[in-house]
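Undergrad:
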Amino acid sequence: MNAASSLCLPHGGAEPAFVEPWHAQVFALTVHLNETGRFTWAEWVARFSATLKQHGLARELDGGTDYFNAWLETLEILLVETQGVRRTDVARMRDAWEEAYLATPHGAPVHLPKGL
Amino acid sequence: MAHDNPHSDDPHHAHAHLPPDPALRVKALETILTKRGLVDPAALDEIIDIYQNKIGPQNGARVVAKAWSDPEFKARLLADADQVLREMDIYGRQGEHMVVVENTPETHNMVVCTLCSCYPWPVLGIPPAWYKSDAYRARAVREPRKVLADFGVTLPEGTKVRVWDSTAEVRYLVLPMRPEGSDGLDEAALAALVNRDSMVGTALTSFPEGTV
Numbered sequence: 401m402n403a404a405s406s407l408c409l410p411h412g413g414a415e416p417a418f419v420e421p422w423h424a425q426v427f428a429l430t431v432h433l434n435e436t437g438r439f440t441w442a443e444w445v446a447r448f449s450a451t452l453k454q455h456g457l458a459r460e461l462d463g464g465t466d467y468f469n470a471w472l473e474t475l476e477i478l479l480v481e482t483q484g485v486r487r488t489d490v491a492r493m494r495d496a497w498e499e500a501y502l503a504t505p506h507g508a509p510v511h512l513p514k515g516l
Numbered sequence: 060m061a062h063d064n065p066h067s068d069d070p071h072h073a074h075a076h077l078p079p080d081p082a083l084r085v086k087a088l089e090t091i092l093t094k095r096g097l098v099d100p101a102a103l104d105e106i107i108d109i110y111q112n113k114i115g116p117q118n119g120a121r122v123v124a125k126a127w128s129d130p131e132f133k134a135r136l137l138a139d140a141d142q143v144l145r146e147m148d149i150y151g152r153q154g155e156h157m158v159v160v161e162n163t164p165e166t167h168n169m170v171v172c173t174l175c176s177c178y179p180w181p182v183l184g185i186p187p188a189w190y191k192s193d194a195y196r197a198r199a200v201r202e203p204r205k206v207l208a209d210f211g212v213t214l215p216e217g218t219k220v221r222v223w224d225s226t227a228e229v230r231y232l233v234l235p236m237r238p239e240g241s242d243g244l245d246e247a248a249l250a251a252l253v254n255r256d257s258m259v260g261t262a263l264t265s266f267p268e269g270t271v
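Going down the list, the protein sequences come from chains L and S.
Taking my numbering, the leading residue of the first sequence gets 401, the next gets one more, and so forth.
Taking my numbering, the leading residue of the second sequence gets 60, the next gets one more, and so forth.
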């Protein structure tokens, strides 16, 4: 049997490193915060594996977007608990970005309103 | 999704494509952290560029090809991978230790991270979705031969399978067996025979017929 043939798990192809741009962004944000000393990688892994375990109770994770959803949730909680980031500020900033996208004509660069 | 539901009377129908909720949350974090001076957006772009374009299985393939060609290098690699990889300018940014495990006719090695998705980024890049899936993470330890069969790999009866569980501190790279028929190839030609999965242990390296 040819080793390149697979029965169910996809493998070996040249898939992109990150499927969605936000996967790359949240990955880079985490690596950058680790490299600038905000938390150790062991601390990150302990928290992230706990989130994955919790998410995996409800359904089997496929390692795609569900994996990065768990990654993002872990980073949000870590920043709230250790860096003094406030949930309300994150929610407000998220909504501000949404409004900025909705208020920007297609094709133009999206900016937050001044003062935010 | 917003862009699938256009309303002709909606003054915003021609607005910029609205990213999904998680993307907006990531942007929110980035904005807040940048304003607080904790994040440098240029550093984020650099990290993405490195992992998207510069680091990948080609690094690992280079290491494997060198090990196949140079017994002294291979001995040093198996004894102290950190030191050897640093000399090749391949090293982990998270301070992890690298361990290289060698496949032999007696033992086949396979790598998993049952905790999350620890992976030897400097030699293999970002892990594929299957490596991060619950299915692989749960089954690799429990039934490695069945997982290998899913990948189309059937090992001889007498070959032992050894599964290595990665952690935040230790990452593993499998040194596959050099394929038969590859005598006389230089390192570049050998590296071309090495794919990502063979360095995770879910594939074997083979020498395609008709290439000599």
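Glycine included, each C-beta is placed from N, C-alpha and C at the ideal position.
Taking C-beta to C-beta, are arginine 230 of chain S and methionine 157 of chain S nearer than 8 Å?
TA: Contact flag set, yes.
Undergrad: Compute the Euclidean distance between the alpha carbons of leucine 103 of chain S and leucine 429 of chain L, then round it to the nearest angstrom.
TA: If you take the alpha carbons of leucine 103 of chain S and leucine 429 of chain L, they lie about 6 Å apart.
Undergrad: Can you grab the Cα-Cα spacing for the pair leucine 478 of chain L / histidine 76 of chain S, in whole Å?
TA: Rounded to whole angstroms, leucine 478 of chain L to histidine 76 of chain S spans 30 Å at the Cα level.
Undergrad: Give the DSSP-derived three-state secondary structure of proline 430 of chain L in the structure shown.
TA: It should be pointed out that residue 430 of chain L corresponds to threonine in this sequence rather than to proline. Looking at threonine 430 of chain L - three-state DSSP - the assignment turns out to be helix.
Undergrad: Please list the residues of the stretch 102–120 of chain S that have a C-beta atom closer than 7 Å to any C-beta atom in chain L, keeping them in chain order.
TA: Correct list: Ala102, Leu103, Ile106, Ile107, Tyr110 and Gln111.
Undergrad: Output, in chain order, the set of chain S residues within a Cβ distance shorter than 7 Å of threonine 482 of chain L.
TA: In chain order: nothing, as chain S lies at least about 11 Å away.
Undergrad: I'd like to know whether the C-beta of glutamate 246 of chain S is nearer than 8 Å to at least one C-beta of chain L.
TA: Cβ-Cβ to chain L under 8 Å: no for glutamate 246 of chain S.
Undergrad: Helix, strand or coil for alanine 73 of chain S? Go by DSSP, reduced to three states.
TA: The answer is coil: DSSP assigns alanine 73 of chain S none of H, G, I, E or B.
Undergrad: Just checking my contact of threonine 166 of chain S with lysine 205 of chain S at CB under 8 Å: how many whole Å lie between their CB atoms?
TA: Not quite, the Cβ-Cβ distance comes to about 18 Å (not below 8 Å), so this is no contact.
Undergrad: I'd like to know if valine 442 of chain L contacts chain S, where contact means its C-beta is closer than 8 Å to some C-beta of that chain.
TA: The residue asked about is misnamed: residue 442 of chain L is alanine in this sequence, not valine. Cβ-Cβ to chain S under 8 Å: yes for alanine 442 of chain L.
Undergrad: Do the stretch 211–227 of chain S and the stretch 235–253 of chain S meet, that is, are 3 or more Cβ pairs less than 8 Å apart?
TA: Flag = no, the stretch 211–227 of chain S and the stretch 235–253 of chain S do not touch.
Undergrad: Between leucine 409 of chain L and the rest of its own chain, which residues show a CB-CB distance below 7 Å, the 5 nearest in sequence each way excluded?
TA: Any answer about leucine 409 of chain L is weak, because its pLDDT of 44 lies below 50 and its placement is not dependable; what the coordinates show is given next. Contacts found: none.
Undergrad: Of all Cβ atoms in chain S, is any one closer than 8 Å to the Cβ of serine 406 of chain L?
TA: Caution is warranted here: a pLDDT of 35 is assigned to serine 406 of chain L, below 50, making its placement in the model unreliable, and the coordinate value is therefore given only provisionally. Closer than 8 Å to some Cβ of chain S, the Cβ of serine 406 of chain L qualifies, so yes.
Undergrad: Which residue wins for smallest C-alpha separation from serine 176 of chain S, given the options S:Asp141, S:Pro238, S:Lys191 and S:Tyr110?
TA: Ranking the options by Cα distance to serine 176 of chain S, first place goes to S:Lys191.
Undergrad: Distance check for isoleucine 185 of chain S and glutamate 460 of chain L, CA to CA, integer angstroms please.
TA: When rounded, the distance between both Cα atoms is 21 Å.
Undergrad: How would you list, in chain order, the residues of chain L whose beta-carbon sits under 7 Å from the beta-carbon of proline 235 of chain S?
TA: Correct list: empty, because the minimum Cβ distance to chain L is about 11 Å.
Undergrad: Using a Cβ cut-off of 8 Å (strictly closer), state whether threonine 488 of chain L contacts chain S.
TA: No, threonine 488 of chain L does not count as interfacial toward chain S.
Undergrad: When the Cα atoms are used, what is the spatial distance from tryptophan 180 of chain S to alanine 500 of chain L?
TA: Near 36 Å, if we compare the C-alpha coordinates of alanine 500 of chain L and tryptophan 180 of chain S.
Undergrad: What first and last residue would you give for the beta strand (DSSP E) that runs through tyrosine 231 of chain S?
TA: Unbroken beta strand (DSSP E) run through tyrosine 231 of chain S: 229–234.
Undergrad: Quick one: using the 10 Å Cβ neighbour count with 16 as the cut-off for buried, is asparagine 112 of chain S buried or exposed?
TA: Under this definition asparagine 112 of chain S is an exposed residue.
Undergrad: At the level of alpha carbons, what is the spacing between valine 510 of chain L and glutamine 425 of chain L?
TA: Each residue's Cα considered, the two are about 17 Å apart.
Undergrad: Tell me the DSSP bridge mates of aspartate 224 of chain S?
TA: Per DSSP, S:Val171.
Undergrad: Please list, in chain order, the chain S residues whose beta carbon lies closer than 8 Å to that of glutamine 454 of chain L.
TA: Per Cβ cutoff of 8 Å: no residues; glutamine 454 of chain L is ~12 Å from chain S at best.
Undergrad: In the DSSP assignment, what residue or residues form a beta bridge with methionine 157 of chain S?
TA: According to DSSP, which records beta bridges pairwise, methionine 157 of chain S is partnered with S:Arg230.
Undergrad: Residues in its own chain within less than 8 Å of proline 100 of chain S by CB, not counting five upstream and five downstream?
TA: For proline 100 of chain S, where only same-chain residues beyond five positions count, the Cβ hits under 8 Å are Glu89 and Thr93.
Undergrad: Where do the ends of the alpha helix (DSSP H) carrying asparagine 118 of chain S lie?
TA: Run containing asparagine 118 of chain S: 116–128, per the alpha helix (DSSP H) assignment.
Undergrad: Would you kindly check if the distance between the Cβ of glycine 119 of chain S and the Cβ of methionine 258 of chain S is under 8 Å?
TA: Cβ distance < 8 Å, so methionine 258 of chain S and glycine 119 of chain S count as in contact.
Undergrad: Whole-angstrom Cβ separation of lysine 86 of chain S and tryptophan 497 of chain L, contact assumed at under 8 Å?
TA: The Cβ separation is near 5 Å, so the contact holds.
Undergrad: With 16 other CB atoms within 10 Å as the buried threshold, where does glutamate 481 of chain L fall?
TA: By the 10 Å Cβ count, glutamate 481 of chain L comes out exposed.
Undergrad: Have a look at L:Asp466, L:Val419 and L:Val485 and flag the residue whose alpha-carbon is nearest the alpha-carbon of arginine 438 of chain L.
TA: Of the listed residues, the one whose Cα sits closest to arginine 438 of chain L is L:Val485.
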